[in-house]
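S.K.: Take a look at this one; I'll ask things after.
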Amino acid sequence: MEINGLPIRINTLMPSWTTTELLPDIPGLMKKAEHQSQPSLAVARAVAYMMADASRQGNVVPAYEKVKGAENPSDDEILKRMLAQ
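Everything in the sequence shown is counted per the working numbering, starting at 2 for the first residue and increasing by one.
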């Protein structure tokens, strides 16, 4: 997409639970949910990955520090655990 001669790309980043300054005490919430949030560096790497490839347009990129597998709870399960506290 180009607007007023500017090359504009639109992509979506989907991070898992991430330690940031947006919510107070994320580590405390994660401890109650028996889970550890990922560092913000994991999300920053995904952003750099999207920015480095100019052909990326209209992509949805998950941002997880490690591969999600059966041994890891889903983001919805973690939220349920936090709300149950």
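Virtual Cβ for every residue (Gly too), placed ideally from N, Cα, C.
Can you give me the C-alpha to C-alpha distance between Q86 and G6, rounded to a whole angstrom?
M.R.: Translated into positions along the sequence shown, residue 86 becomes position 85. Translated into positions along the sequence shown, residue 6 becomes position 5. C-alpha separation (whole angstroms): 51 Å.
S.K.: I'd like to check one pair, A43 with T19: are the Cβ atoms closer than 8 Å?
M.R.: Translated into the one-based positions of the sequence shown, residue 19 becomes position 18. Translated into the one-based positions of the sequence shown, residue 43 becomes position 42. In contact: T19 and A43 (Cβ atoms closer than 8 Å).
S.K.: Excluding sequence positions up to five away, which residues of its chain have a Cβ less than 6 Å from the Cβ of P21?
M.R.: Start at 1 with the first residue of the sequence shown, and residue 21 comes out as number 20. It is worth fixing the name first, because residue 21 is Thr in this sequence and not Pro. Excluding sequence neighbours, T21 sits near S41.
S.K.: Is I9 helix, strand or coil by DSSP?
M.R.: Taking the sequence shown and counting its residues from 1, one reaches residue 9 at position 8. If DSSP states are grouped into helix, strand and coil, I9 belongs with coil.
S.K.: Would you report the Cα separation of M73 and A55, rounded to the nearest angstrom?
M.R.: Reading the sequence shown from its first residue, position 72 is the one you call residue 73. Reading the sequence shown from its first residue, position 54 is the one you call residue 55. The amino acid at residue 73 is misidentified as Met; the sequence shows Asn. The straight-line gap from Cα to Cα measures roughly 33 Å.
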